[in-house]
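Chains as they are written, first to last, in the working numbering: chain G, 1 to 289; chain R, 290 to 578.
Structure first, commentary second.
Written out as structure tokens, the structure is:
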């Protein structure tokens, strides 16, 4: 049978009938149907199709060990947040995007340690508890934290300026499910705009900024892992995050304090900033065979 | 408003409202809606999303000056043929895929020249006319031709073995709209399988073969350019082209001949093969303001 605009989609979907992995087959058939619908709806010219191929190629060529332009593309199209939202667990802290900067392992650190290795910024203490959905503290939960500095840069963006692991830490909660680390208040920042995704934002009149936030991945045995952010309340761009990641429940007060005794207790000097960010982990879903 | 599975698509589509180029805005809004529908339907896990990002990145990294893996991906998903079919003109020779090997300029050649620079194969003469939709010959039409050799390889795949420009030529039709060149009969061949698209085909139990064909782009002033193939009748894989490019009207007889006088007239020696492939160009569409 001839390949026509009408028969094309079934012909391609049918070509996947020999796929052993049933999940892969279902995903590819769905991809084919939605991708063909998009093409039939927009009717791209050959030149537009070539431009799209060129764009995707440029996105791929921009990816290296410290830059993930396809994650950025997924982010600015809202796909990353959509995937995380779909995978969010009822009753737990809300998921949001992983982002492109979780590319190096966070160094293991002790509770109370500083992740601000340069120690040139105004001190900030972030603490909280990891809890289950009933409010029971979860000891020995793992918390992976990463953030940019006060200028809006991650360590991997400034090799030679920031030491590797700056702004990153892997912590384990104490017997009360508590965690605490010292840092600086992160800045809002633009996502990298020197690549094809930056050109896309420019062509569409969109700004590249993200509101200030600290990334968290929290996990504990028997519970669903959550990938989320603590957003800094009052930060610019909370209403127009370039990657659509803000959820109201994740906006966190970062409170300034002059209390010297409290500062001493937390291992910093006044004035300092303090944020409390508790994380609730939903139970692992029942496995249905 | 919070970003939810329900509000996500409108939020992202709305973010393109400032796009000056109306066509770009429409394409991005449509892309957003279809891409989000695909994600909502398949509900990928975070690990699956990461695998998809990894796949696209590998496709990008495989692209270089002589390899276009995103074109291959578009081809095996039937998107390339779909785009060409949508852009095909009623009444003209049918369009089909450009393919990934139209990456170097074809050398200008005189009618009757050979594009088989190695001259080691069995000679084949391809000739035909370029006509308008009424059957009137089109003199001075441009014909860009490229093909693989008898082993199934294009020049760019075998640097050092095939000279650049082997199997390629740019011809201009004579006063009767005629063209003629010497070559070898191309072989069926597998699309390149040493990259991520090859792994996709393997995982889905699909073979990578294309039936034997010669690529043509034909253009003439006042007419729509056609990107097409002459498929070799009787070639394996005409029923299961890996890139879904076969259309019955493009299947062409390549006839063997022992006629020594005819051979001499065509500038080859008997036995030889002859194919006649006429190309009809539809008129340029009226420009609607």
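Yeah, the Cβ is synthetic: ideal placement off N, Cα and C, and Gly gets one too.
- Nearest in C-alpha terms to residue 402 of chain R, of all of R:416, R:392, R:391, is R:416.
- Residue 104 of chain G is outside the set of residues whose beta carbon lies under 8 Å from a beta carbon in chain R.
- With a beta-carbon spacing of about 7 Å, residue 468 of chain R and residue 419 of chain R fall inside the 8 Å limit used to define contacts.
- Rounded to whole angstroms, the separation of the alpha carbons of residue 102 of chain G and residue 205 of chain G is 28 Å.
- A distance below 8 Å separates the beta carbons of residue 144 of chain G and residue 217 of chain G.
- Annotated as proximal: residue 84 of chain G and residue 227 of chain G, with beta-carbon spacing under 8 Å.
- Taking a cut-off of 8 Å on C-beta distances, the segment 303 to 321 of chain R does not touch the segment 154 to 161 of chain G, as fewer than three cross pairs fall below it.
- Against chain G, the CB of residue 474 of chain R has no partner CB under 8 Å away; the residue lies outside that interface.
- Between the C-alpha atoms of residue 513 of chain R and residue 318 of chain R there is a straight-line separation of about 29 Å.
- Put simply, the CB of residue 219 of chain G is far from chain R, with every gap to its CB atoms at 8 Å or more.
- Take residue 277 of chain G, set aside five residues on each side of it, and the residues of its chain with a beta-carbon closer than 6 Å to its own are 128, 230, 252, in chain order.
- Less than 8 Å divides the Cβ of residue 183 of chain G from the Cβ of residue 147 of chain G.
- For residue 369 of chain R, the uninterrupted alpha helix (DSSP H) run begins and ends at 368 to 375, by DSSP.
- Contact between the segment 235 to 247 of chain G and the segment 259 to 274 of chain G is absent: fewer than three C-beta pairs spanning the two stretches fall below 8 Å.
- Interface annotation for the segment 16 to 41 of chain G against chain R: 16, 17, 18, 19, 20, 21, 23, 24, 25, 26, 27, 28, 30, 31, 32, 33, 34, 35, 36, 37, 38, 39, 40, 41, criterion Cβ-Cβ distance under 9 Å.
- DSSP places residue 219 of chain G within a strand segment (E or B) once states are collapsed to three.
- Annotation: residue 55 of chain G is outside any beta strand (DSSP E); the continuous alpha helix (DSSP H) that includes it extends over 46 to 62.
- Taken through DSSP and simplified to helix, strand or coil, residue 8 of chain G comes out as helix.
- Chain-order list of chain G residues neighbouring residue 488 of chain R: empty, with the shortest C-beta distance near 11 Å, by a criterion of under 8 Å.
- Residues of the same chain with their beta carbon placed closer than 7 Å to that of residue 299 of chain R are lacking, with the five preceding and five following residues left out of the count.
- 70, 71, 74, 77, 78, 79, 80, 81, 82, 83, 84, 85, 86, 87: these are the residues of the segment 70 to 96 of chain G whose beta carbon lies less than 8 Å from some beta carbon of chain R, given in chain order.
- When DSSP states are grouped into helix, strand and coil, residue 173 of chain G belongs to the coil group.
- Per DSSP, residue 260 of chain G is not a residue of any beta strand (DSSP E); the alpha helix (DSSP H) it occupies stretches across 260 to 266.
- With its beta carbon less than 8 Å from one in chain R, residue 244 of chain G belongs to the interface.
- In this chain, residue 117 of chain G is not harboured by any alpha helix (DSSP H), its DSSP state being neither H nor E.
- Around the beta carbon of residue 68 of chain G, 16 or more other beta carbons lie within 10 angstroms, which makes this residue buried.
- Three or more beta-carbon pairs drawn from the segment 24 to 44 of chain G and the segment 314 to 330 of chain R are found closer than 8 Å, and the two stretches are therefore classed as touching.
- Under DSSP, the beta-bridge partners assigned to residue 180 of chain G are G:127.
- When only Cα atoms are considered, residue 221 of chain G and residue 106 of chain G end up about 20 Å apart.
- Taking the C-beta atoms as reference points, residue 334 of chain R is found no nearer than 8 Å to residue 3 of chain G.
- Counting along the chain, residue 26 of chain G sits inside the alpha helix (DSSP H) bounded by residues 22 to 42.
- Where residue 276 of chain G is concerned, the enclosing beta strand (DSSP E) starts and stops at 272 to 276.
- For residue 546 of chain R, the enclosing beta strand (DSSP E) starts and ends at 543 to 546.
- Residue 364 of chain R: member of the alpha helix (DSSP H) spanning 358 to 365, first to last residue.
- A Cβ-Cβ distance of about 6 Å is found for the pair residue 477 of chain R and residue 499 of chain R, placing them in contact under the 8 Å criterion.
- Interface residue (Cβ-Cβ distance to chain R less than 8 Å): residue 205 of chain G is classified as such.
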